[in-house]
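> Chains A and B are the protein sequences, given in the same order.
If you read the first sequence in the numbering used here, its first letter stands for residue 1, the second for the next number, and so on.
If you read the second sequence in the numbering used here, its first letter stands for residue 367, the second for the next number, and so on.
Questions regarding the structure given below will be posed in turn.
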Amino acid sequence: MQSVQQHVNYSELPVEAVCRLLRKICKSGSLEQGLVLLRAALEHFNGKHHGCEPTCSRKRKALPPQVVSLIQSVCETVLRAPARFLHGFTTNMVENFNSSILAFSQKRTYEPRAYRYKIMMAFLAQTKPDWKRIVMREVGIAYAPTANANIDAALLARQRHRDVADSSSRYTKAHRMRQLNEIYKRLNADQAPVEPGPELTTYGEPHTEPRPATATRCSCKTGCGRQCGCRKAGRACAARCGCTGCKNNGDPASEPKSRTCGCQKGCAANSCACFRLGERCGASCTCCGCANWLGRGGRSPLAHLVQLDVPTATAFVCIDPCETDPVLRDISGDGTFDPRRITAFLCLKDCLYDDVLAVYILRLLS
Amino acid sequence: MATDAARISLASASELTRRIAFSAILAGLGYQAYSSVFLYGSAQYITDYAFRKLQQEAWTAIENLTRRELTLSAERARDARPNSSVIAAFDARWSARRDAHCCTVVCFNVLDRRILDFESLMRSGSSKNTTCEARQLEAEGIARICERLKAEGVTITDMLHDGDNSGHKQVVFYFGNVTERTCLNHYIKNARYDSAIASSLPLMYNVILIPQSHSCVELDCRVYSST
Numbered sequence: 001m002q003s004v005q006q007h008v009n010y011s012e013l014p015v016e017a018v019c020r021l022l023r024k025i026c027k028s029g030s031l032e033q034g035l036v037l038l039r040a041a042l043e044h045f046n047g048k049h050h051g052c053e054p055t056c057s058r059k060r061k062a063l064p065p066q067v068v069s070l071i072q073s074v075c076e077t078v079l080r081a082p083a084r085f086l087h088g089f090t091t092n093m094v095e096n097f098n099s100s101i102l103a104f105s106q107k108r109t110y111e112p113r114a115y116r117y118k119i120m121m122a123f124l125a126q127t128k129p130d131w132k133r134i135v136m137r138e139v140g141i142a143y144a145p146t147a148n149a150n151i152d153a154a155l156l157a158r159q160r161h162r163d164v165a166d167s168s169s170r171y172t173k174a175h176r177m178r179q180l181n182e183i184y185k186r187l188n189a190d191q192a193p194v195e196p197g198p199e200l201t202t203y204g205e206p207h208t209e210p211r212p213a214t215a216t217r218c219s220c221k222t223g224c225g226r227q228c229g230c231r232k233a234g235r236a237c238a239a240r241c242g243c244t245g246c247k248n249n250g251d252p253a254s255e256p257k258s259r260t261c262g263c264q265k266g267c268a269a270n271s272c273a274c275f276r277l278g279e280r281c282g283a284s285c286t287c288c289g290c291a292n293w294l295g296r297g298g299r300s301p302l303a304h305l306v307q308l309d310v311p312t313a314t315a316f317v318c319i320d321p322c323e324t325d326p327v328l329r330d331i332s333g334d335g336t337f338d339p340r341r342i343t344a345f346l347c348l349k350d351c352l353y354d355d356v357l358a359v360y361i362l363r364l365l366s
Numbered sequence: 367m368a369t370d371a372a373r374i375s376l377a378s379a380s381e382l383t384r385r386i387a388f389s390a391i392l393a394g395l396g397y398q399a400y401s402s403v404f405l406y407g408s409a410q411y412i413t414d415y416a417f418r419k420l421q422q423e424a425w426t427a428i429e430n431l432t433r434r435e436l437t438l439s440a441e442r443a444r445d446a447r448p449n450s451s452v453i454a455a456f457d458a459r460w461s462a463r464r465d466a467h468c469c470t471v472v473c474f475n476v477l478d479r480r481i482l483d484f485e486s487l488m489r490s491g492s493s494k495n496t497t498c499e500a501r502q503l504e505a506e507g508i509a510r511i512c513e514r515l516k517a518e519g520v521t522i523t524d525m526l527h528d529g530d531n532s533g534h535k536q537v538v539f540y541f542g543n544v545t546e547r548t549c550l551n552h553y554i555k556n557a558r559y560d561s562a563i564a565s566s567l568p569l570m571y572n573v574i575l576i577p578q579s580h581s582c583v584e585l586d587c588r589v590y591s592s593t
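Structure (structure tokens):
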């Protein structure tokens with residue numbers, strides 16, 4: 001330090017300019033931008049121009065050689081470092097290992113005992129790709145293609161009977177029959193679809209007269225928000241309505257949100273205002289890593305499922321964790337894709353959304 | 367709402383019901399969360415006793431499979447270089463930066479990029495397995511890993527670590543003279559912390575200097591970062 005002080009007069013250094021430059025370098029987005037700025041700084045301080053204007057006549061002294069060599073050594077050190085040391089830190093194995101653990105620990109609904117087993121699963125997913133099959137075999141869940149097929153068929157038949165007999169729903173029986181026929185037509189190609197009967201009244205009798213056309217109309221002045229009668233009735237505004245600035249055009253994206261949230265730790269908890277109200281988070285929410293899947297579509301984690309409608313079955317493909325190698329497997333089969341036999345699919349890779357898949361399958365069956 | 371009639375035992379459960387229960391167990395759900403899934407339909411689901419039984423069987427199978435795989439990787443590391451050393455990298459992750467209640471310590475072989483062993487330490491909850499303080503969790507995990515590796519016959523002579531002295535002490539206790547090398551990524555991280563403290567600036571706005579001869583660059587390997 002003393003040898004430097006002998007040669008450098010610090011009063012001549014453009015301290016403010018150097019500090020400003022360093023601050024700019026540090027705020028630069030990437031290392032390459034920082035290097036460009038460093039090179040420009042060397043050219044600038046070694047040049048004669050002051051830098052305020054292109055036509056400025058004032059001159060500046062060159063930097064002391066020690067300072068120039070210091071900046072040059074920094075440049076060379078950074079430049080000589082191979083690219084793999086500067087980038088690609090985050091692509092090693094432990095990062096992947098930890099990210100799966102982190103994704104698990106962010107879900108607070110899980111029981112704490114499962115934490116260490118989740119770590120083991122993350123380990124097994126890397127070292128033994130078919131670990132799920134081995135564990136299922138040890139637990140006793142069969143992988144035979146036709147295991148318990150009759151029981152499943154009986155369950156479906158009973159479920160169907162129960163659904164049809166249930167009159168507590170707001171839908172009419174004919175509507176539910178049409179829905180169920182559509183589902184069962186996809187699930188089981190051999191089963192002939194049942195023709196929809198006549199529309200029934202709430203007492204189970206068919207209508208003798210055509211139902212009167214609904215005459216609901218609104219005259220909202222504030223854009224048909226939550227108070228709109230047409231929206232309450234579940235239909236879009238028609239031409240007969242006298243509303244102004246109507247936003248009730250049947251588009252689910254235009255539905256008004258009563259609350260917005262700004263959660264930082266996911267929205268699948270009671271601390272989220274949208275979750276408490278049973279609404280999905282919308283575009284006006286500023287939440288980070290949203291996990292509020294109460295709504296339909298939008299930013300739901302179900303968005304990573306792609307529904308494939310093949311002629312005789314409905315398949316679900318998990319593409320988010322398995323983007324490079326999507327796997328289609330039968331949950332009760334031997335892994336071959338046979339749409340006549342398969343009713344539902346689960347991802348056999350380490351998919352963290354297995355529970356969501358289970359919910360989705362149950363919704364389909366119910 | 368799901369009814370009691372929909373709750374069935376494991377023996378009478380269909381393949382789909384068992385598979386969905388198994389899926390919930392693998393996803394880490396408890397019985398309460400699992401049964402709440404069935405609010406959306408009237409499909410069958412298994413009882414509490416059957417769920418716990420299936421859960422215990424699944425966890426036991428996972429644990430046995432994990433132990434088997436870890437033993438294999440330790441044997442592979444031991445047999446690959448019988449007269450030489452194993453370069454092991456240690457790192458840990460906490461549930462929180464301060465007063466963590468759970469910590470996962472990972473040890474992997476630098477040469478073949480395989481995980482040698484790992485340990486998850488919990489200070490609270492039903493699966494509590496340690497009583498040490500939060501700041502001692504990493505050293506405790508490293509000590510347990512070293513004890514198991516020594517029993518497997520693995521010898522560690524080089525250690526890639528984040529510069530924590532307590533972890534190095536544990537490895538030295540089990541394997542004698544172990545050369546500690548600081549991970550390059552951790553070196554940058556530590557330098558940024560130090561410079562941030564010295565200059566009282568925000569952490570992300572500090573200059574990163576990368577010295578060439580101070581860290582795991584000397585080792586001529588492809589994976590030198592344990593973060």
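For glycine and all other residues, C-beta sits at the position ideal for the given N, C-alpha and C.
(1) With a cut-off of 8 Å on the beta carbons, I'd call A/CYS218 and A/CYS237 a contact; round off their distance for me.
(2) Tell me whether B/VAL472 sits in a helix, a strand or coil according to DSSP, three-state version.
(3) In whole angstroms, give me the CA-to-CA distance for B/CYS473 and B/ASP457.
(4) Am I right that B/GLU506 and B/CYS512 are in contact with their C-beta atoms under 8 Å? What's the rounded C-beta distance?
(5) Please state the DSSP three-state secondary structure of B/HIS467.
(6) I'd like to know if the segment 460-477 of chain B and the segment 486-504 of chain B are in contact, where contact means that at least 3 CB-CB pairs between them fall below 8 Å.
(7) What do you reckon, are the CB atoms on B/ILE453 and B/LEU526 nearer than 8 Å?
(8) Residues in the segment 494-508 of chain B with C-beta within 8 Å of chain A's C-beta atoms, listed in sequence order?
(9) Which residues mark the beginning and the end of the beta strand (DSSP E) in which B/ASP457 is found?
(10) With 8 Å set as the bound, which would you pick, yes or no: does the beta-carbon of B/GLY394 sit closer than that to a beta-carbon of chain A?
(11) Would A/MET136 and B/ILE428 be called neighbours here (beta carbons separated by less than 8 Å)?
(12) By the three-class DSSP mapping on this structure, what secondary structure does B/ASP524 have?
(13) From the beta carbon of A/ALA114, is the nearest beta carbon of chain B less than 8 Å away?
(14) Counting only beta-carbon atoms, is B/THR432 nearer than 8 Å to chain A?
(15) Do you know offhand how far B/THR521's Cα is from B/ASN495's?
(16) Using a Cβ-Cβ cutoff of less than 8 Å, which residues in the same chain neighbour A/CYS228 once the five nearest sequence positions on both sides are dropped?
(17) Three-state secondary structure (DSSP) at A/THR91?
(18) Comparing the C-beta of B/PHE456 with each C-beta of chain A, is any distance below 8 Å?
(19) Leaving out five residues on either side along the sequence, give the residues of the same chain with a beta carbon under 8 Å from the beta carbon of A/SER246.
(20) At the level of alpha carbons, what is the spacing between B/THR413 and B/ALA379?
(21) What's the C-alpha gap between B/ARG463 and B/ARG433?
(22) Identify, in the order they occur along the chain, each residue of the same chain with its Cβ nearer than 8 Å to the Cβ of B/ARG384, setting aside the five sequence neighbours on each side.
(23) Can you tell me whether B/THR413 is helix, strand or coil according to DSSP?
(24) Is A/LEU124 near B/GLU435, with beta carbons less than 8 Å apart?
(25) Classify B/GLN398 as helix, strand or coil using the three-state DSSP reduction.
(26) Between B/THR548 and chain A, is the shortest Cβ-Cβ distance under 8 Å, so that the two count as touching?
(27) Applying a beta-carbon distance threshold of less than 8 Å, which residues of chain A neighbour B/PHE484?
(28) Determine, using beta carbons only, whether B/ALA377 comes closer than 8 Å to chain A.
(29) Tell me the rounded alpha-carbon separation between B/LEU477 and B/TYR400.
(30) Can you name the residues that DSSP bridges to A/LEU124?
(31) Could you tell me the distance, in whole angstroms, from the CA atom of B/ALA443 to the CA atom of A/ILE141?
(32) With the cut-off set at 8 Å, would you say B/ILE374 and B/GLN410 are in Cβ contact?
(33) Since A/LYS221 meets chain B, which of its residues come closer than 7 Å, beta carbon to beta carbon?
(34) Nearest to A/THR114 by alpha carbon, out of B/ALA517, B/GLU381, B/LEU392, B/ILE481?
From the atom records:
(1) 6 Å
(2) strand
(3) 7 Å
(4) The Cβ separation is near 11 Å, so there is no contact.
(5) In the structure shown, B/HIS467 sits in coil (DSSP, three-state: anything other than H, G, I, E or B).
(6) yes
(7) yes
(8) none
(9) Segment 452-460, the beta strand (DSSP E) holding B/ASP457.
(10) Yes, its Cβ sits closer than 8 Å to a Cβ of chain A.
(11) no
(12) The answer is strand: DSSP assigns B/ASP524 an E or B state.
(13) yes
(14) yes
(15) 26 Å
(16) Here the set comprises CYS218, CYS220, CYS237, CYS243, ASN248.
(17) With a pLDDT of 32 at A/THR91, under the threshold of 50, the predicted position of this residue should be treated as unreliable, though the coordinate-derived value follows. Looking at A/THR91 - three-state DSSP - the assignment turns out to be helix.
(18) no
(19) In the sequence under discussion, the amino acid at residue 246 of chain A is Cys, which differs from the Ser named in the question. Excluding sequence neighbours, A/CYS246 sits near CYS220, GLY223, CYS224, CYS237.
(20) 10 Å
(21) 29 Å
(22) LEU376, ILE412, LEU420
(23) coil
(24) yes
(25) For B/GLN398, the three-state secondary structure derived from DSSP is helix.
(26) no
(27) Those within 8 Å of B/PHE484 in chain A are ILE119, PHE123.
(28) no
(29) 42 Å
(30) DSSP output for A/LEU124 lists no bridge partner at all.
(31) 34 Å
(32) yes
(33) Near A/LYS221 there are no residues of chain B at all, since even the closest Cβ is about 39 Å away, more than 7 Å.
(34) Before going on, a small fix: residue 114 of chain A reads as Ala here, not Thr. Among B/ALA517, B/GLU381, B/LEU392, B/ILE481, the Cα nearest to that of A/ALA114 belongs to B/LEU392.
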